[in-house]
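A quick write-up on the structure given underneath.
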Amino acid sequence: EVQLVESGGGLVQPGRSLRLSCTTSGFTFGDYTMSWFRQAPGKGLEWVSFIRSITFGATTEYAPSVKGRFTISRDDSKSIAYLQMNSLETEDTAVYYCTRDTSSWYRSDYWGQGTLVTVSS
Amino acid sequence: DIQMTQSPSSLSASVGDRVTITCRASQTIRSYLNWYQQKPGKAPKLLIFAASTLQSGVPSRFTGSGSGTEFTLTISSLQVEDFATYYCQQTYRTPYTFGQGTKLEIK
Numbered sequence: 066e067v068q069l070v071e072s073g074g075g076l077v078q079p080g081r082s083l084r085l086s087c088t089t090s091g092f093t094f095g096d097y098t099m100s101w102f103r104q105a106p107g108k109g110l111e112w113v114s115f116i117r118s119i120t121f122g123a124t125t126e127y128a129p130s131v132k133g134r135f136t137i138s139r140d141d142s143k144s145i146a147y148l149q150m151n152s153l154e155t156e157d158t159a160v161y162y163c164t165r166d167t168s169s170w171y172r173s174d175y176w177g178q179g180t181l182v183t184v185s186s
Numbered sequence: 003d004i005q006m007t008q009s010p011s012s013l014s015a016s017v018g019d020r021v022t023i024t025c026r027a028s029q030t031i032r033s034y035l036n037w038y039q040q041k042p043g044k045a046p047k048l049l050i051f052a053a054s055t056l057q058s059g060v061p062s063r064f065t066g067s068g069s070g071t072e073f074t075l076t077i078s079s080l081q082v083e084d085f086a087t088y089y090c091q092q093t094y095r096t097p098y099t100f101g102q103g104t105k106l107e108i109k
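Structure, rendered in structure tokens:
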């Protein structure tokens with residue numbers, strides 16, 4: 066059974082940093098692109114970032130709203146994806162979801178349950 | 003960025019009804035269009051990818067169609083468990099973008 070479990074969320078002050086983890090099981094992690102999405106309270110979904118598999122160079126892309134502040138990475142030996150979030154802003158408050166992505170007709174076919182990040186003083 | 007516009011934003015319907023949700027892209031996205039269903043407090047669930055391909059395990063009452071800039075999601079006979087919020091998403095070009103969502107409520 067495919068499982069993704071996010072962790073690392075919490076309350077943080079503006080300007081500080083936080084690292085989210087996505088611990089996975091039930092599939093060959095190294096074969097897949099992994100993504101992060103977020104959803105602000107009461108709002109819609111926003112794509113944040115993805116990291117391709119090492120086969121495709123582990124290349125990354127970011128939403129303009131987080132580019133330069135967030136860094137996605139992966140540890141294939143541990144089957145974990147990370148999202149390092151620096152210079153956090155109140156607008157970054159959201160539930161953050163990690164996903165397993167299938168590159169053919171790119172889609173996020175498995176989602177974690179989400180972790181809440183609250184940026185507030 | 004490619005803008006995705008869904009209509010309607012909300013919809014009231016009854017069990018057994020046929021409903022259609024429309025999603026328009028601000029430029030062509032060929033068939034790089036996904037549909038997700040989200041229930042309150044839960045993660046989104048992939049329903050349809052490549053505009054019209056049903057994800058494994060999704061009931062056949064869900065159908066997607068369209069290409070280019072206009073797409074639809076149709077639920078042929080609403081069931082109680084279908085009342086949720088639906089999002090379209092383009093994956094033609096980054097940043098991948100979503101429609102604002104359509105909240106489907108029980109009449």
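Chains as they are written, first to last, in this note's numbering: chain P, 66 to 186; chain X, 3 to 109.
Ideal Cβ positions, reconstructed from N, Cα and C, are used throughout, including at glycine.
Quantities reported herein were computed from a predicted structural model and do not represent experimental measurements.
Nonlocal neighbours in the same chain, by C-beta distance under 7 Å from residue i, ignoring five residues either side
| i | result |
| --- | --- |
| R63 of chain X | I77, S78 and S79 |
| Y98 of chain X | Q91 and Q92 |
| S186 of chain P | Q78 and P79 |
| Y175 of chain P | V67, L69, T164 and R165 |
| R117 of chain P | T98, A123 and T124 |
| L110 of chain P | F102 and Q104 |
| R81 of chain P | L153 |
Euclidean distance between Cα positions of residue i and residue j
| i | j | result |
| --- | --- | --- |
| L76 of chain P | L181 of chain P | 8 Å |
| T96 of chain X | D3 of chain X | 8 Å |
| G133 of chain P | S67 of chain X | 37 Å |
| C25 of chain X | S9 of chain X | 6 Å |
| G43 of chain X | E156 of chain P | 20 Å |
| E71 of chain P | S86 of chain P | 6 Å |
Chain X residues whose Cβ lies nearer than 8 Å to that of residue i
| i | result |
| --- | --- |
| L110 of chain P | Y38, Q40, P46, Y89, Q91, F100 and G103 |
Proximal chain P residues relative to residue i, where beta-carbon distance stays under 8 Å
| i | result |
| --- | --- |
| P10 of chain X | The contacting residues do not exist; P10 of chain X stays about 15 Å from chain P at best. |
Other residues of its chain near residue i: CB distance less than 8 Å, five sequence neighbours each side excluded
| i | result |
| --- | --- |
| F85 of chain X | L106, E107 and I108 |
| Q118 of chain X | Because chain X in this structure spans residues 3 to 109, residue 118 of chain X falls outside the shown range and cannot be described. |
| S16 of chain X | L80, I108 and K109 |
Collapsed DSSP secondary structure at residue i in the structure displayed
| i | result |
| --- | --- |
| I4 of chain X | coil |
| E71 of chain P | strand |
| T180 of chain P | strand |
| I119 of chain P | helix |
| T30 of chain X | coil |
| E156 of chain P | helix |
| V82 of chain X | helix |
Chain X contact residues for residue i, given Cβ-Cβ distances below 7 Å
| i | result |
| --- | --- |
| R172 of chain P | N36, L48, F51 and T93 |
| G107 of chain P | Neighbours of G107 of chain P on chain X: none; closest Cβ ~11 Å, over 7 Å. |
Partner residues on chain P for residue i, Cβ-Cβ distance less than 9 Å
| i | result |
| --- | --- |
| T96 of chain X | W112, F115, E126, Y127 and A128 |
| Q57 of chain X | R172 and D174 |
Neighbourhood of residue i by C-beta, 6 Å cutoff - its chain only, sequence neighbours within 5 removed
| i | result |
| --- | --- |
| R20 of chain X | S78 |
In the segment 50 to 77 of chain X, which residue ranges form an unbroken beta strand (DSSP E) of at least 3 residues, counting only runs that do not cross its ends?
64 to 69 and 72 to 77
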